[in-house]
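Here the structure comes first, spelled out in structure tokens, and everything after it is commentary.
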Amino acid sequence: MKMYSLIQKCIEKLGGFVWGLPTLFLIVITGIGMSRGNRFFQFRHFSHWMKNTIGTLVGKRETKSKSDIREISGFQAVCSALASTIGTGNISGVAMAIATGGPGAVFWMWVSALFGMMTSYSEIVLGMHYRTKDISGRWCGGPMYYLRDGLGKRKGMRYVGKILAVMFCIFCIFASFGMGNMTQVNSISKIIRSDYGVSSLYTGIFIACISSFIIFGGIKRIGAIMEKFVPAMSVFYIACTLMIFLMNFKSIPYVFTSIFKNAFSTRSILGGAGGLAIKQSISLGFKRGIFSNEAGLGSGVIMHASSDTKEPVIQGMWGIFSVFTDTIVICTLTAFVILSTTCRPVTISKGLENVSDNTTYVSVKDDVKGEIPLADTVANPIFVKSKKGEMLFKPSDTNYTYTNIMALKGLREDKNGNITTDKNVPVTRVVLEEVEGASLVAYAFGLKLGKWSEKLLSVSIILFAFSTVIGWSYYGEKAWEFLFGSSFSAIYKMLYIFCIVLGSVMSLKTVWEISDIFNGLMSVPNLIGLIGCSSVVFKITDEYVKRNIK
């Protein structure tokens, strides 16, 4: 146990170092620089890139020629890339960001996305420009190629480019095991264990078997499956969140006030501890934003570069669309669902019994949701599964409404203090269990749409996470092949499948922290390559605008 605690502390320290101010500064500067250098393409030509992305789906789909039979279509590429980004980052990631960094973290996710659109666009343009064909005639591309063949061809940068390319591949491989694999499988196993009582280990073994069939089938099989999976999953999730958005329409002012207030809290800025909270909010916003949309990681470029699209800018616009859909639309709707459904402050005049300064838990008769003033602090809602449907609240030392949310389950003696029913009858045979990640969203769905929506959301999250596992297997495989050659790719695939089983039984917190570390490490060489090759992106974009946009 001591060794495990020591390892956890080391992971936390390393994560704090990797995601320190230098990394955040590099991400922001790159996003702003790419936006400015491309003349804020994402804003000025909004209608154009929407027309050439989502607009093309309502028109005629291109028929692939025999010469392109080895590649996947541009639409399949973006579906596969979206499959790797629309996952637990949109649901669990947003919930965890709000839980730890407060509602203000959502604002910083928006900031990372607005400038991250052009970071993603620039990555894809470079990936398409520097891609090459392998011995089997398939397109191969990614940051390792524009680091080696782009940055590395500049005067005095030959070895720097090669070293950064190798570093990127190493970090990408480990990130595929963490972000693309274990975090996703961990979420799947937790949901299935919670809803159906199936052992996490058995779930991991089952997912490993299914994944093996798809992963060993190659890029064509991955593209074909994701083309069918992703649109259906996205439409279902967006439709449900929009329904809750309309049902909670009156909560819009509170939600946005809460987000902006926590992002720029005067009290937080003035106070030392508050300043730390602001820093945590910014850091978590960027980390979860990047975890969700992958802008700056360079991972999605690997999939985009394998498409049969000829024009780099056209495929690059799909990168803008991906970030927009992933973070501005889906993550925002997720945040709204959580903030408006489970923590909206309401006036409570009835239902509280025996409230005093020493009250640890307070029983509420009605199905009340929101913050309840209690002594000098705020009481947070506790999700309760009981026959009478009582809603319990727990005092907290922070105004962040999702810190220490608990769920009551089972029939064990509670060692944390007495809990009473609405009739002040002590309840002594309960167990407290923390609600985290996707469970918060599932609870919100259940409150507004009924229990059926919780089950469907669980299935949706499982499919989202599974699609991410499949998509990231391709990223890691290509990074592995760049280092060791395609003849050794089977070794990577077997390691990847082993990590599926490992991720199903690991601690959620540890898995996320490891993923954050390799995400940060992977972004550094990629962002250096983007900055170093930025003039190429600007030139390609300018030429395209002159030819196609009047």
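For what it's worth, our numbering labels the leading residue of the sequence shown as -11, then goes sequentially.
Glycine residues also receive a C-beta, built at the ideal position from the N, C-alpha and C atoms.
Between the Cα of residue i and those of the options, spot the shortest distance and give me the residue it belongs to.
| i | options | result |
| --- | --- | --- |
| residue 306 | 12, 151, 137 and 43 | 43 |
| residue 533 | 228, 27 and 101 | 27 |
| residue 232 | 169, 326 and 9 | 326 |
| residue 136 | 523, 514 and 525 | 514 |
| residue 439 | 96, 228 and 118 | 228 |
| residue 221 | 188, 185 and 314 | 314 |
| residue 91 | 1, 462, 180 and 252 | 252 |
| residue 25 | 110, 6, 1 and 478 | 110 |
| residue 237 | 504, 33 and 436 | 436 |
| residue 250 | 93, 30 and 504 | 93 |
| residue 13 | 187, 100, 79 and 32 | 100 |
| residue 128 | 108, 290 and 34 | 290 |
| residue 324 | 230, 286, 120 and 119 | 230 |
| residue 541 | 522, 182 and 462 | Shown here, the chain extends from -11 to 538; a query on residue 541 therefore has no answer. |
| residue 199 | 487, 157 and 537 | 487 |
| residue 503 | 535, 310, 537 and 460 | 460 |
| residue 224 | 117, 33 and 322 | 322 |
| residue 443 | 182, 304, -3 and 303 | 182 |
| residue 470 | 158, 16 and 23 | 158 |
| residue 234 | 29, 11 and 328 | 328 |
| residue 310 | 21, -5 and 30 | 30 |
| residue 108 | 484, 479 and 287 | 287 |
| residue 564 | 179, -2, 21 and 197 | The displayed coordinates of the chain run from -11 to 538. Any statement about residue 564 would go beyond what the structure contains. |
| residue 21 | 133, 522 and 202 | 522 |
| residue 537 | 39, 0, -1 and -2 | 39 |
| residue 483 | 117, 118, -3 and 166 | 166 |
| residue 79 | 32, 179 and 117 | 179 |
| residue 97 | 477, 320, 535 and 475 | 320 |
What are the residues that DSSP puts in a beta bridge with residue i?
| i | result |
| --- | --- |
| residue 121 | 127 |
Below 8 Å on the Cβ atoms is my guess for residue i versus residue j; work out the distance and round it to an integer in Å.
| i | j | result |
| --- | --- | --- |
| residue 171 | residue 468 | Contact flag wrong, Cβ pair sits at about 20 Å. |
| residue 430 | residue 446 | 6 Å |
| residue 4 | residue 103 | With 8 Å as the limit, residue 4 and residue 103 do not qualify as a contact, their Cβ atoms being about 23 Å apart. |
| residue 540 | residue 113 | With the chain covering -11 to 538 only, the question about residue 540 has no answer from this structure. |
| residue 226 | residue 318 | 7 Å |
| residue 517 | residue 152 | 6 Å |
| residue 464 | residue 292 | In fact, because the Cβ distance is near 16 Å, the residues do not count as touching under 8 Å. |
| residue 316 | residue 37 | Rounded, the Cβ-Cβ distance is 13 Å, inconsistent with contact. |
| residue 95 | residue 204 | Their Cβ separation, rounded to whole angstroms, is 43 Å, which puts residue 95 and residue 204 out of contact at 8 Å. |
| residue 505 | residue 2 | 6 Å |
| residue 139 | residue 434 | Contact flag wrong, Cβ pair sits at about 50 Å. |
| residue 130 | residue 481 | Wrong, their Cβ atoms sit about 18 Å apart, outside the cutoff. |
| residue 106 | residue 23 | 4 Å |
| residue 295 | residue 303 | 6 Å |
| residue 15 | residue 185 | Actually they do not touch by this definition, with Cβ atoms about 41 Å apart. |
| residue 134 | residue 120 | 11 Å between Cβ atoms; not a contact. |
Is the closest heavy atom of the ligand SAM to the C-beta of residue i under 7 Å?
| i | result |
| --- | --- |
| residue 147 | Within the structure as shown, the ligand SAM is missing, as the structure has no ligands at all. |
**Prompt:** Counting Cβ pairs closer than 8 Å, one from the stretch 299 to 309 and one from the stretch 123 to 135, do we hit at least three?
**Reply:** no
**Prompt:** So does the stretch 507 to 518 actually touch the stretch 151 to 167, counting three or more Cβ pairs closer than 8 Å?
**Reply:** yes
**Asked** Are the stretch 483 to 496 and the stretch 132 to 146 touching by the rule of at least three beta carbon pairs closer than 8 Å?
**Response** no
**Asked** Do three or more CB pairs link the stretch 523 to 537 to the stretch 180 to 199 at distances below 8 Å?
**Response** no
**Asked** Per the contact definition of three or more C-beta pairs closer than 8 Å, is the stretch 170 to 188 in contact with the stretch 450 to 460?
**Response** By the C-beta criterion, the stretch 450 to 460 is judged to be in contact with the stretch 170 to 188, since at least 3 inter-stretch pairs fall below 8 Å.
**Runs of alpha helix (DSSP H) lying entirely within the stretch 95 to 180, each at least 4 residues, in chain order** = 131 to 136 and 146 to 165
**Item:** 3 or more residues per run - each beta strand (DSSP E) lying fully within the stretch 454 to 505
**Value:** none
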